[in-house]
Every structure is written in structure tokens, then in C-alpha cells.
Amino acid sequence: MAGGGSMMALESMSDQARMWRLVASHGWCAFLRWVHGGPASALAPFNAVPTRLLIAPQDLHTADPTIAVDIYAGRFVFSGHFVEVGGQSPFEITPPSPDWARALHGFGWLCHLRAAETAMARSNARALIDEWIRLVGRRHPIAWESGVVARRVLSWLSQSPLLLENCDRDFYRRFLKSLARQVRYLRKTVNETPDGMPRLLATMAVAAASISMSGQGRFARHSLKKLDHELTRQILPDGGHISRNPGAVLEVLADLLPVRQTFTSQGLPPSQAMMDAVDRMMPMIRFFRMGGGSFAHFNGMGATSGDLVATVLAYDDARGTPPSDAAHSGYQRLVAEDTLVVMDTGHSPPPSLSQSAHAGCLSLEMSSGRNLLVVNCGVSGKGHETWRRVARSTAAHSTLEFNSTSSCRFLAGDPFAHWLGPLIVSGPTVVPVMREEDDGGIHINASHNGYAAQHVRHERGIRLSRDGSVLEGRDKLEPVGTPPASDQDRYVVRFHLHPAVKASLVRGGGAVLVMCADGEAWEFTAPDCQVSLEESIYLSDVHGHRHTEQIVIHERLRHRADVTWAFRRTATAKPQRRRGSEGEGDVETLL
Numbered sequence: 007m008a009g010g011g012s013m014m015a016l017e018s019m020s021d022q023a024r025m026w027r028l029v030a031s032h033g034w035c036a037f038l039r040w041v042h043g044g045p046a047s048a049l050a051p052f053n054a055v056p057t058r059l060l061i062a063p064q065d066l067h068t069a070d071p072t073i074a075v076d077i078y079a080g081r082f083v084f085s086g087h088f089v090e091v092g093g094q095s096p097f098e099i100t101p102p103s104p105d106w107a108r109a110l111h112g113f114g115w116l117c118h119l120r121a122a123e124t125a126m127a128r129s130n131a132r133a134l135i136d137e138w139i140r141l142v143g144r145r146h147p148i149a150w151e152s153g154v155v156a157r158r159v160l161s162w163l164s165q166s167p168l169l170l171e172n173c174d175r176d177f178y179r180r181f182l183k184s185l186a187r188q189v190r191y192l193r194k195t196v197n198e199t200p201d202g203m204p205r206l207l208a209t210m211a212v213a214a215a216s217i218s219m220s221g222q223g224r225f226a227r228h229s230l231k232k233l234d235h236e237l238t239r240q241i242l243p244d245g246g247h248i249s250r251n252p253g254a255v256l257e258v259l260a261d262l263l264p265v266r267q268t269f270t271s272q273g274l275p276p277s278q279a280m281m282d283a284v285d286r287m288m289p290m291i292r293f294f295r296m297g298g299g300s301f302a303h304f305n306g307m308g309a310t311s312g313d314l315v316a317t318v319l320a321y322d323d324a325r326g327t328p329p330s331d332a333a334h335s336g337y338q339r340l341v342a343e344d345t346l347v348v349m350d351t352g353h354s355p356p357p358s359l360s361q362s363a364h365a366g367c368l369s370l371e372m373s374s375g376r377n378l379l380v381v382n383c384g385v386s387g388k389g390h391e392t393w394r395r396v397a398r399s400t401a402a403h404s405t406l407e408f409n410s411t412s413s414c415r416f417l418a419g420d421p422f423a424h425w426l427g428p429l430i431v432s433g434p435t436v437v438p439v440m441r442e443e444d445d446g447g448i449h450i451n452a453s454h455n456g457y458a459a460q461h462v463r464h465e466r467g468i469r470l471s472r473d474g475s476v477l478e479g480r481d482k483l484e485p486v487g488t489p490p491a492s493d494q495d496r497y498v499v500r501f502h503l504h505p506a507v508k509a510s511l512v513r514g515g516g517a518v519l520v521m522c523a524d525g526e527a528w529e530f531t532a533p534d535c536q537v538s539l540e541e542s543i544y545l546s547d548v549h550g551h552r553h554t555e556q557i558v559i560h561e562r563l564r565h566r567a568d569v570t571w572a573f574r575r576t577a578t579a580k581p582q583r584r585r586g587s588e589g590e591g592d593v594e595t596l597l
């Protein structure tokens with residue numbers, strides 16, 4: 007796949023000033039975390055140990071009992087890395103990546119041991135908990151990141167039946183003491199926790215602990231108020247998350263629904279803010295769900311857990327219709343018969359929330375029935391920094407790329423990146439969108455100023471016909487101010503194809519035939535343009551990276567300022583028996 011020079015150093019005084027403000031804020035929050043929950047706090051005497059757990063929140067995440075065997079044998083697979091500890095404690099080895107360490111110390115994998123339902127799995131879980139308490143139970147650079155602590159608290163609470171049933175009194179007390187210490191840390195540092203999902207996860211963990219552990223009831227009202235505040239602030243009016251990551255909605259619901267259920271079980275009615283947040287998010291699960299059941303790959307969305315989606319949707323009593331125009335989240339959804347298109351029409355999130363955001367403005371994904379046709383490359387499950395950079399570039403999205411650069415600039419190089427991470431320095435800030443529906447179909451016209459520094463504006467218009475058989479589009483570059491230099495006016499329009507479809511050039515390179523496994527066929531055309539097929543890679547497959555192809559149109563602004571294109575269905579799928587379970591992703595339910 008062609009790359010695109012998206013990682014750039016700071017270029018202007020305003021960029022540097024903005025970064026210094028973020029560094030100052032980051033440093034101040036780090037100092038407050040050290041004051042409130044640092045070494046002095048961790049080493050201080052701690053006597054407020056709960057006497058027992060009152061209730062265990064449910065864990066909605068999918069469990070695989072066969073993984074319990076690997077864990078017992080000392081084999082741990084997280085974030086695409088396989089580690090065999092060889093008799094050592096997993097908490098003593100040097101982790102292959104920070105993401106691997108976060109998954110290890112988050113203890114989300116305890117659900118697999120619980121699913122095994124064996125005495126060996128129970129004993130193994132207790133031994134690993136004891137090792138963690140002994141080795142890193144007070145301080146550790148990754149294990150005590152707020153987001154990791156919050157995930158661990160929720161995991162320990164939900165898997166407490168596995169850990170505490172028929173255990174000895176000493177382990178029971180060690181477990182509760184460590185758990186209470188971690189909850190206290192979250193409660194003291196929640197205001198300094200990084201914004202976005204880590205802070206929201208921390209508030210959910212504190213709320214769950216306040217009603218699950220004896221002696222914590224006095225914190226219930228305040229913890230619920232804090233959770234309500236974060237839900238109101240982070241969950242947008244249309245149900246999306248402020249990070250603009252579609253997967254964030256699923257992650258929040260997977261943790262929030264058990265918290266809500268725990269409150270109800272303890273005779274405490276969930277707050278109106280919590281109920282409203284759930285009601286807003288549920289339709290967005292369907293909004294981002296493409297025909298094949300996977301989520302659209304925008305702004306950090308990786309592989310989709312179909313089982314988790316089905317489990318979450320089982321809690322949706324209202325079954326609200328997904329919106330078409332998710333203006334607050336910055337997405338558009340076009341549906342006609344079995345054809346579905348989702349388009350990114352939003353600006354970059356604030357820098358503090360942009361560490362996983364992508365340069366994919368005006369990119370789109372398209373499915374027909376259960377067939378995924380046009381996709382973005384998605385996010386690699388391997389957690390390698392190189393793949394992360396590739397996935398975030400404009401070249402990894404089905405949109406226009408100008409002058410081999412991305413529509414966003416990402417922070418790179420010391421000292422800022424070391425402190426703040428690879429956040430977005432600059433990107434689209436103005437993205438006007440117009441949506442119309444008439445007898446001819448659904449029309450979307452949008453533009454963005456992500457290439458303003460290069461003196462062009464990208465505009466994309468698409469139309470999906472009423473019968474869903476034609477998707478027409480036009481990508482246009484409009485000069486802004488001084489025209490680009492003659493040697494810097496190249497642009498590329500890309501459409502990454504899902505690896506399950508087969509593509510071939512026809513009509514002497516003037517068109518591409520896209521064939522699906524069930525016999526459905528689409529033809530791509532771009533009049534007066536030379537169309538080519540190039541290699542690409544699909545990063546978000548549950549089985550790992552998969553080679554695929556992309557439809558590519560290379561042009562120069564000096565020769566033409568716009569490209570018109572169309573996908574037309576030329577053959578329908580062979581009749582197949584429809585499956586009625588929503589967990590299987592039947593078309594009627596998905597759309």
C-alpha cells in the first residue's frame with residue numbers, strides 16, 4: 007500500500023505553543039497523581055479493608071475456556087504478541103510491548119479461567135493474583151496507569167466468584183485489601199486521569215466498587231455523580247463518543263450495562279443520566295455495524311467481536327432505529343435496500359483525545375447484504391508502532407490523498423511525543439456537510455480543510471440510488487489561495503477492497519469488476535481516468551493481517567481538478583436462506 011508522509015514534526019510557532027500548553031497540563035496532572043496516589047500514598051498504612059464483597063458485576067466479554075489451558079502452561083497472547091514465560095511469573099518478565107503489558111495487568115483474561123470451570127483454573131487464578139499483589143501490587147509504571155487500574159478493578163470484581171469461592175481467609179483478606187487500595191487510588195486520581203476512555207472507565211470502576219464492596223456505600227452517591235458527569239460530557243447527543251472511535255461506544259456499553267445492573271440488584275435505581283446515555287448509545291451500535299456484522303473502520307476501530315455486539319444488543323429493549331445523520335459524532339449513514347454506506351464527515355477530535363484518531367476525513371465504507379466491498383484498512387491487533395502509523399495515514403483510507411501526505415499531522419519526535427503520545431497536531435477543523443434525500447436517492451456533499459496548508463480543499467459528493475444498485479461519487483480539489491507548486495500537485499483516490507472480494511481490471515483498464523463469494527458483482531468506473539489495482543492490506547481481520555487490493559486513480563491537479571466515479575451492481579447474490587439471529591448478522595437486522 008502506498009504510504010504517505012503523515013508523521014511530521016511541529017512546523018509553526020502556534021503548533022509549538024499549543025504543544026507546550028498540553029505538556030504543561032500533562033505535567034501538572036502527573037504531579038497531582040503523584041501527590042494523590044504516588045509512592046507516599048501507596049506505602050502509607052492502609053486499614054480500610056472491606057470485610058466482604060456484596061455482589062459481583064457481570065462480565066459481558068466473550069470467554070474461551072481453551073485459553074485457560076494456555077495460561078496454565080505459561081503462554082500469554084495479547085496485542086499480537088506470544089510470550090511463553092517458562093516457569094517465571096508473567097509479572098517479572100520484560101514485556102514485548104506496552105500494550106501487551108496493559109492487557110496482562112488489566113486481568114481481562116480472568117474470564118477465560120472462569121469459563122474453564124475447573125479447580126485447576128481456580129487455583130491458577132488465585133496464584134496469579136497473589137503474584138501480582140506481591141510483585142507489583144504497590145507501584146509499577148504500567149500496572150498503575152489509571153486506565154489499567156480501572157480495568158483490573160472491574161475484572162477482579164466481576165471474576166470474584168472464581169477467585170473467592172472456597173478460598174482461605176488469608177487470600178480473601180489479601181485480595182480485598184489490594185482491591186480496596188486500587189479503588190482508593192482511582193478515587194483520589196480520577197480528576198487527573200487522562201481524558202476520554204481512561205477517565206470514563208475509572209469512574210465506572212469506582213461506581214461499581216462503591217456498591218459491590220462492603221463499607222464503600224458512603225461513596226456511592228459521589229461516585230455515581232462523577233460517573234453521570236463523565237457520561238453526559240463524553241457521550242454525544244447522537245450517542246457517539248467524543249473520541250470519534252466507533253468501538254468506544256461498544257466498550258462503554260460492555261462495562262456500563264453491568265454497572266447499571268449492579269445498581270438495580272442492590273435496590274438503587276440507575277440515574278437518569280446513565281439511562282439516557284445507554285439509550286443514546288444503543289442505536290449507534292447499529293449505526294456503525296456494516297452488512298457483514300463488523301463495525302466501520304474509522305478513528306481507531308479494529309476487529310469487531312461479534313459475540314460482544316450480540317450480547318450488548320440483547321440489552322436493547324427499545325431497539326431504536328439508528329440515525330442517518332450523526333452530525334455530533336461526524337458520520338453519515340446511507341441505506342437503500344441491502345446497500346449500506348458509512349462516511350466520515352467529522353473534524354479531528356481535540357488533541358488530548360486524538361492519540362488513536364485517524365486522518366480519514368471523507369473516507370467511506372460500503373457493504374451490500376453481508377458482503378463488505380469498500381473498507382478502510384482498520385487497526386492492527388499486533389500493536390506495532392509502525393502498523394499504527396500506517397493505519398492512521400490518509401493512504402490507509404478510502405478517500406483522496408493529496409501530494410503523498412495525510413490530511414492530519416501527527417506529533418512525532420522528542421520531547422513532545424514522549425510526553426503526550428502520537429496525538430494529532432493539526433487536521434480538518436471545518437467540515438461542512440449537506441445531506442438531501444429525493445426520488446433519485448440519498449445525496450451527501452462534504453468538504454474539509456485538512457490540506458489548507460497546501461492550498462487546496464478536498465470536496466466529496468456521493469449519491470446512493472433508491473434501489474441501492476448504484477453509488478456515484480465525485481472527488482474534487484479546489485485551490486485555496488496560492489496554487490500548489492507544479493511538482494506538488496499529485497493526488498490519489500483510493501478504494502480499499504475487503505479481502506473476501508476478488509477484483510480484476512476490465513475494459514482495458516477503464517473499469518474494475520468486483521466479485522463476491524456469493525455471486526454478487528459490482529463494476530467500478532471512472533470516466534476519462536486510468537484505473538489501476540494495487541496491493542493493500544486489511545489490518546482489522548480477527549485472524550490477523552490479510553493481503554487485499556485497492557482501486558487507485560492517480561491524477562495531477564494541473565490536468566484535472568476532479569474525478570467522478572461509480573460502483574454499479576451488475577449481478578445479484580445467489581438466493582440463500584436468511585439467518586434470523588441478530589448475533590449472526592442477518593441483513594434485515596443489521597440495516
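Numbering (our numbering), first residue to last: 7 to 597. Ideal placement from N, C-alpha and C gives every residue a C-beta, glycine not left out.
- Message: Pop quiz: Val381 and His303 are said to be a contact at Cβ under 8 Å. What is the actual Cβ separation, rounded to whole angstroms?
- Response: 6 Å
- Query: With a Cβ-Cβ cutoff of 8 Å, do Gln536 and Pro490 count as a contact?
  - Reply: no
- For Pro505, which residues from the same chain have a beta carbon less than 8 Å from its beta carbon, with the 5 sequence-adjacent residues on both sides left out? Once the five neighbours on either side are set aside, the close Cβ partners of Pro505 are Tyr544, Asp547, Arg552, His553, Thr554.
- Message: Determine whether the beta carbon atoms of Val437 and Gly516 lie at a separation below 8 Å.
- Response: No.
- Give the straight-line distance between the Cα atoms of Ala579 and Asp322, rounded to the nearest whole angstrom. In this structure, the straight-line span from the alpha carbon of Ala579 to that of Asp322 is close to 31 Å.
- Under the three-state reduction of DSSP, which class applies to Ser538: helix, strand or coil? strand
- Task: With DSSP collapsed to three states, give me the class of Trp528.
- Result: strand
- Under a Cβ-count criterion, where at least 16 other Cβ atoms within 10 Å of its own Cβ denotes burial, should Arg601 be classed as buried or exposed? Beyond the ends of the chain as shown, which are 7 and 597, falls residue 601; an answer cannot be given.
- Task: Could you tell me which residues DSSP puts in a beta bridge with Glu236?
- Result: Paired residue(s): none; Glu236 is not in a bridge.
- Item | Bridge partners - Ser449, DSSP secondary structure assignment | Reading off the sequence shown, one finds His at residue 449, where the question assumed Ser. His449 is bridged to Glu442, Arg469.
- Item | Entirely enclosed beta strand (DSSP E) segments - the region 347-417, minimum 3 residues | 370-374, 377-381, 406-408
- Compute the Euclidean distance between the alpha carbons of Met349 and Arg239, then round it to the nearest angstrom. Each residue's alpha carbon lies about 24 Å from the other.
- Are the Cβ atoms of Leu163 and Ala214 separated by less than 8 Å? yes
- By DSSP, does Leu66 sit in helix, in strand, or in coil? coil
- Buried or exposed by the 16-neighbour rule on C-beta atoms within 10 Å, applied to His565: By the neighbour-count criterion, in which a residue is buried when 16 or more other Cβ atoms sit within 10 angstroms of its Cβ, His565 is exposed.
- Query: Would DSSP call Val518 helix, strand or coil?
  - Reply: strand
- N- and C-terminal bounds of the alpha helix (DSSP H) containing Trp138: DSSP places Trp138 in the uninterrupted alpha helix (DSSP H) bounded by 125-142.
- If you pair each beta-carbon of the region 67-78 with each one of the region 303-322, do three or more pairs fall below 8 Å? yes
- Along the chain, where does the alpha helix (DSSP H) that runs through Pro204 open and close? 203-218
- Ile77 (DSSP reduced to helix, strand or coil): helix
- Message: Measuring alpha carbon to alpha carbon, tell me which residue in Val476, His449, Ala125 is nearest Arg466.
- Response: His449
- Would you tell me roughly how many angstroms separate the C-alpha atoms of Asp136 and Pro204, rounded to the nearest one? 25 Å
- Query: How long is the line joining the alpha carbons of Gly306 and Gly384, rounded to whole angstroms?
  - Reply: 7 Å
- Task: Look at the alpha carbon of Ile77 and the alpha carbon of Arg441, and state the distance between them as a whole number of angstroms.
- Result: 51 Å
- Item | Own chain residues within Cβ distance below 6 Å of Thr345, not counting five before or after | If you ignore the 5 residues before and after Thr345, its C-beta comes within less than 6 Å of the C-beta of Ser374, Gly474, all in its own chain and listed in chain order.
- If you run the structure through DSSP and keep just helix, strand and coil, what is Phe269? helix
- For Pro357 versus Leu28, is the C-beta distance shorter than 8 Å? yes
- CA-CA distance, Leu483 and Ser432? 19 Å
- Item | Continuous beta strand (DSSP E) stretch holding Leu274: start and end | Counting along the chain, Leu274 sits inside no beta strand (DSSP E), nor does DSSP assign it H or E at all.
- Outcome for Lys232 when other beta-carbon atoms lying within 10 angstroms are tallied against a minimum of 16: buried
- Message: If I measure Cβ to Cβ from Pro289 and keep anything under 8 Å in the same chain, skipping five residues before and after, which residues do I get?
- Response: Gly245, Gly326, Thr327, Pro328, Pro329
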